[in-house]
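Colleague: The structure under discussion is supplied below as structure tokens; questions concerning it will follow.
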Amino acid sequence: MAVGVFDSGLGGLTVLDKVAARLPEVPFVYLGDSANAPYGVRDADDVYTLTCASVERLWDAGCDLVILACNTASAAALRRMQESWVPRDKRVLGVFVPLIEALTERQWGDNSPPREVAVKTVALFATPATVRSRAFQRELAFRAIGVDVEAQACGGVVDAIEEGDMILAEALVRSHVDALKRKMPEPDAAILGCTHYPLMQEVFQDALGPNVSVYSQANLVAESLADYLGRHPDMLGPGKDSLFLTTGDPKRVSDRATQFLRRRIAFDKA
Ligand code: DGL
1 MAVGVFDSGL GGLTVLDKVA ARLPEVPFVY LGDSANAPYG VRDADDVYTL TCASVERLWD
61 AGCDLVILAC NTASAAALRR MQESWVPRDK RVLGVFVPLI EALTERQWGD NSPPREVAVK
121 TVALFATPAT VRSRAFQREL AFRAIGVDVE AQACGGVVDA IEEGDMILAE ALVRSHVDAL
181 KRKMPEPDAA ILGCTHYPLM QEVFQDALGP NVSVYSQANL VAESLADYLG RHPDMLGPGK
241 DSLFLTTGDP KRVSDRATQF LRRRIAFDKA
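For what it's worth, UniProt numbering labels the leading residue of the sequence shown as 1, then goes sequentially.
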């Protein structure tokens with residue numbers, strides 16, 4: 001009855017942690033494509049090909065449902081996968097929609113027409129590929145009207161986090177927040193639109209100031225997945241064991257993951 005969780009590298013662990021706490025009886029198979037990270041600087045075709053390969057690996061591990069715990073893959077590849085690639089008996093879900101439903105005060109799966117919402121100005125921090133896709137603005141426009149979105153592509157932050165260089169990551173986050181504030185001085189809300197960024201959430205909040213509500217996805221995705229599995233229990237696949245898989249060097253990736261989550265995590269080769 002396993003569920004797959006995919007990210008380009010370590011960032012999706014922020015999502016895994018919350019979904020595993022919310023659904024303790026469900027085994028999760030995590031796959032990080034560290035050998036090919038970061039995805040955020042790749043073009044959409046590349047992200048699509050790499051994401052499909054990893055999702056197939058998770059199907060082989062007994063996961064009929066895979067969560068793309070990666071905004072870049074959700075933004076640049078998910079729609080194409082759902083339209084022309086995912087077989088009928090499998091599901092692939094992304095991390096954008098739960099976040100936008102929370103921002104626009106909707107119940108999960110409420111498909112009523114777009115309406116005015118409390119939030120008027122939103123800062124989006126994401127990878128260059130996610131910003132370029134405009135997927136966030138597209139999904140938002142289905143649900144809300146009159147919301148002004150300013151997007152900041154945060155080049156370099158994912159590489160610094162994957163390398164474990166948190167001093168560089170902090171400096172980059174502060175400079176990206178400064179750049180955003182020059183375009184939108186007082187956003188109502190900020191979206192951490194990359195699963196690596198919750199590892200820097202305190203720095204984002206500090207740089208943005210106390211009046212900005214910072215939304216990160218992990219808890220929202222956990223609630224949305226619990227709701228989805230309640231409605232679709234048949235989507236729990238045949239896999240029985242929780243596993244951590246990486247396309248990178250298992251020892252190196254395990255050490256970094258242990259450092260981030262502050263508990264021992266042991267990756268195997270995918
Ligand atoms: N953590 C991923 C995301 O949510 C991708 C980061 C990357 O590989 O560039 O966008």
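Every residue gets a Cβ at the ideal spot worked out from N, C-alpha and C, and that includes glycine.
The structure presented is a predicted model; accordingly, all values stated were derived computationally and were not measured.
Are L225 and I100 closer than 9 Å when you measure CB to CB?
Modeller: Against a cut-off of 9 Å, the Cβ pair of I100 and L225 comes out as no contact.
Colleague: Can you check which of these residues, V86, R115, A77 and D188, is closest to N211 by C-alpha distance?
Modeller: Nearest option by C-alpha distance: D188.
Colleague: Quick one: Cα of E202 to Cα of V47, how far?
Modeller: Distance between the alpha carbons of E202 and V47: 29 Å.
Colleague: Among A118, F96 and L103, which residue has its Cα nearest to the Cα of S133?
Modeller: Taking only the C-alpha atoms, the option nearest S133 is F96.
Colleague: Going by DSSP, name the residue or residues bridged to Q152.
Modeller: For Q152, which the question treats as bridged, DSSP gives the partners F125.
Colleague: If you draw a straight line from the C-alpha of E163 to the C-alpha of N219, how long is it?
Modeller: Rounded to whole angstroms, E163 to N219 spans 25 Å at the Cα level.
Colleague: Give me every residue whose Cβ sits closer than 5 Å to any heavy atom of ligand 1, in chain order.
Modeller: With the cut-off at 5 Å, the residues found are S8, G11, A37, P38, Y39, G40, C70, N71, T72, T127, V158, C194, T195 and H196.
Colleague: Return the Cβ separation of G40 and A129 in integer angstroms, given the expectation that the two are a contact with Cβ distance under 8 Å.
Modeller: About 5 Å; that satisfies the 8 Å criterion.
Colleague: Let me know the secondary structure DSSP gives Y30 once reduced to three states.
Modeller: Note: Y30 maps to strand in three-state DSSP.
Colleague: Grab the span of the alpha helix (DSSP H) containing I167 for me, first residue to last.
Modeller: First-last of the alpha helix (DSSP H) with I167: M166 to K183.
Colleague: Of the choices L236, T195 and P233, whose alpha-carbon is the least far from that of Q217?
Modeller: For Q217, the nearest C-alpha among the options comes from T195.
Colleague: Just to confirm, are V122 and A153 a CB contact at a threshold of 9 Å?
Modeller: No. Outside cutoff.
Colleague: Taking the C-alpha atoms as reference points, what is the distance between A135 and D110?
Modeller: Approximately 19 Å between the Cα atoms of the pair.
Colleague: Which residues bound the beta strand (DSSP E) around Y215?
Modeller: First-last of the beta strand (DSSP E) with Y215: S213 to Y215.
Colleague: From which residue to which residue does the beta strand (DSSP E) around F244 run?
Modeller: Taken as a continuous stretch (DSSP letters only), the beta strand (DSSP E) holding F244 covers L243 to T246.
Colleague: Can you tell me whether F142 is helix, strand or coil according to DSSP?
Modeller: Three-state result, F142: coil.
Colleague: Please state whether DSSP places A189 in a helix, a strand or coil.
Modeller: A189: strand per DSSP, three-state reduction.
Colleague: Please list, in chain order, all residues of the same chain as P198 whose beta carbon is under 7 Å from its beta carbon, the five residues on each side excluded.
Modeller: Around P198: T14, L192, S216 and A218.
Colleague: V173 and K18: beta carbons closer than 9 Å?
Modeller: No; because the gap between Cβ atoms is not below 9 Å, this pair is not in contact.
Colleague: Please return the same chain residues whose Cβ sits closer than 6 Å to the Cβ of R22, not counting the five positions on each side in sequence.
Modeller: The residues are A222 and A226.
Colleague: Mind checking which residues open and close the alpha helix (DSSP H) that includes A102?
Modeller: F96 to L103 is the extent of the alpha helix (DSSP H) around A102.
Colleague: Comparing alpha-carbon positions, which option in P250, R264 and R263 lies nearest G32?
Modeller: Closest by alpha carbon: P250.
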